[in-house]
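Residue numbers (UniProt numbering): 1 to 572.
Okay, structure coming up:
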């Protein structure tokens with residue numbers, strides 16, 4: 001006979017389940033919400049129902065209410081059962097194991113009263129996690145994935161399988177297959193696996209995430225907390241989200257429930273096409289609060305195709321350093337709004353080392369795609385084909401120009417090898433961007449001599465000694481004390497011979513220049529894209545900008561070793 005709810009068997013089972021939840025909560029930091037059942041207080045009589053209200057008068061004829069334009073009533077799915085049924089077999093659970101050397105293990109088991117069910121549970125659990133008394137133990141993890149080819153190609157997140165010694169794929173019918181890693185991309189957190197099935201597998205295909213609109217219905221299938229084949233439904237809550245997960249952040253945000261174990265699983269549109277790969281959540285508790293993020297298929301499909309074909313990515317490379325166009329910089333350049341990516345330097349030996357793109361240019365369009373902000377450029381460059389000739393629209397000297405550029409391959413570049421995939425965003429696939437934790441107006445990562453001298457700037461021997469005595473006189477401009485860059489000042493501030501311009505000798509405390517981070521030893525190379533050869537030239541250009549009605553002066557600043565950055569300094 002099956003055990004009843006009140007039987008000792010059921011009570012013991014419930015107690016063990018509670019112990020398992022407590023152990024998991026203590027280890028992972030997941031906080032479980034506590035619920036209190038609402039019951040009548042002991043000894044309190046149930047409330048007496050009120051007398052029925054009198055019959056209301058017949059309502060007036062209802063007015064016709066027209067739906068809002070563009071809104072279709074009852075457009076939400078009444079059920080996704082048929083859709084889910086056809087997709088479940090293509091979604092897989094992924095389990096991994098890794099042999100980890102850990103002398104300390106996971107720590108001792110919590111203390112529990114002798115003889116209690118908790119004592120046996122905790123001792124058994126923690127002994128398994130520690131792998132006995134040896135220095136090594138196996139660490140297991142769970143995730144999700146989906147089949148994209150009947151021959152056995154599977155997509156998942158890199159963080160699901162990273163560092164794994166063994167990868168096992170569990171299918172909806174209960175079968176299991178060992179998987180081989182074909183390729184992985186840490187920058188988009190994507191990996192491709194391969195299994196060898198005896199018969200063709202059920203597969204799904206990518207859709208076009210660019211067609212998805214905020215408010216469209218979506219469905220997630222995955223393996224949350226080990227519960228395989230779990231289906232949740234929600235909508236697109238946002239697009240183009242940047243959560244600082246990598247250089248190409250362009251996430252789809254959804255309120256479809258995504259939890260631990262959903263990573264690598266698909267996000268479907270209502271056609272059954274994969275338009276996202278569930279990757280991350282924001283949660284103070286470790287569980288879903290309705291804020292999940294998926295890698296859009298418009299980015300993922302190209303990466304997956306390259307991983308399948310080459311086992312690695314092959315990304316376009318432009319070879320420039322960039323920084324944001326802030327409101328101050330936009331004003332100093334005469335732009336109506338802050339847009340584009342400001343080129344702060346050109347990588348030596350890169351695709352645009354021929355002068356097609358120069359420091360000081362603002363890239364407005366790349367291969368027909370608008371660059372609305374700095375972070376757009378790395379993504380569109382990386383998505384471009386290596387060796388392709390593209391049109392780049394730049395703002396130079398106040399005018400838009402179109403230049404042609406033949407892209408290189410990032411992975412083949414010396415810059416990529418030396419910089420790597422920095423998690424702080426300092427290497428953004430073909431372009432180098434500032435550290436996001438630093439001042440957006442000015443700070444740039446250190447790249448030593450990889451930045452070319454400013455195109456068009458005369459070499460030192462072309463103008464040194466040709467400046468009039470009055471022009472060489474120190475000047476006070478924008479709270480800066482400026483001096484000619486002489487052999488004495490070079491030595492005093494340790495300025496490299498390749499750097500040319502006007503040196504800053506002092507900065508007035510509390511001045512706009514001080515607030516922008518300028519310091520003694522900085523060299524003003526250009527003001528408003530015009531090369532400066534003397535302190536007088538700086539003063540004259542600033543005066544001219546004021547007369548034009550500009551509020552800010554854009555300065556190209558070189559550090560002592562030649563690194564370039566742009567700073568917009570208010571002139572009030």
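Even for Gly, the Cβ is constructed at its ideal location relative to N, Cα and C. Every value quoted in this text rests on a predicted model; they were computed, and no experiment measured them.
query: Rounded to the nearest angstrom, how far is the Cβ of residue 250 from that of residue 299, given a contact under 8 angstroms?
result: 6 angstroms
Range covered by the beta strand (DSSP E) that runs through residue 310: Unbroken run through residue 310 is the alpha helix (DSSP H), 297 to 310; no beta strand (DSSP E).
query: In three-state terms, what does DSSP make of residue 225?
result: helix
task: Evaluate residue 553 with the Cβ neighbour count: other Cβ atoms within 10 Å of its Cβ, from every protein chain shown; 16 or more gives buried, anything less gives exposed.
output: buried
message: Rounding to the nearest angstrom, what Cα-Cα distance links residue 519 and residue 495 in this structure?
response: 13 angstroms
query: So is the beta-carbon of residue 512 under 7 angstroms away from any non-hydrogen atom of the ligand SAM?
result: In terms of ligand content, the structure shown is empty, and the ligand SAM therefore cannot be addressed.
- prompt: Taking the DSSP output, what are the residues bridged to residue 96?
  reply: 141 and 167
- prompt: Distance, Cα to Cα, residue 220 vs residue 236?
  reply: 11 angstroms
- request: Can you have a look at residue 34 and say buried or exposed, based on whether 16 or more other CB atoms are within 10 angstroms of its CB?
  value: With a pLDDT of only 32 at residue 34, under 50, the local geometry of the prediction cannot be trusted, and the value read off the model is given with reservation. Burial call: exposed.
query: Quick one, are the C-beta atoms of residue 407 and residue 387 less than 8 angstroms apart?
result: yes
field: Beta-carbon gap between residue 294 and residue 279 smaller than 8 angstroms
entry: yes
message: Between the alpha carbons of residue 332 and residue 528, how many angstroms are there, rounded?
response: 7 angstroms
message: Measuring CB atoms only, is the stretch 203 to 215 touching the stretch 225 to 234, in the sense that at least three cross pairs come out at less than 8 angstroms?
response: no
- request: Answer yes or no: do residue 322 and residue 343 have a C-beta to C-beta separation smaller than 8 angstroms?
  value: yes
- request: Measure the beta-carbon distance from residue 480 to residue 504 and round it to whole angstroms, keeping in mind my assumption that it falls under 8 angstroms.
  value: 5 angstroms
- prompt: Taking the alpha-carbon positions, what's the residue 286 to residue 266 distance?
  reply: 20 angstroms
task: Could you have a look at residue 330 and say whether DSSP puts it in helix, strand or coil?
output: helix
message: Taking the beta strand (DSSP E) that residue 85 belongs to, which residues open and close that run?
response: Counting along the chain, residue 85 falls outside any beta strand (DSSP E), though it belongs to the alpha helix (DSSP H) covering 81 to 85.
task: Determine the direct distance from the alpha carbon of residue 290 to that of residue 175, and round the result to whole angstroms.
output: 32 angstroms
- request: Give me the Cβ distance between residue 362 and residue 395, rounded to the nearest whole Å; I'm assuming they're in contact under 8 angstroms.
  value: 4 angstroms
query: Which residues in the same chain as residue 238 place their Cβ atom closer than 8 angstroms to its Cβ, once the five residues preceding and following it in sequence are excluded?
result: 214, 252 and 253
query: With a cut-off of 8 angstroms, do at least 3 Cβ pairs link the stretch 354 to 374 to the stretch 301 to 311?
result: no
field: Which of helix, strand or coil DSSP assigns to residue 520
entry: coil
message: For a test of the three-state rule: what should DSSP assign to residue 504, helix, strand or coil?
response: strand
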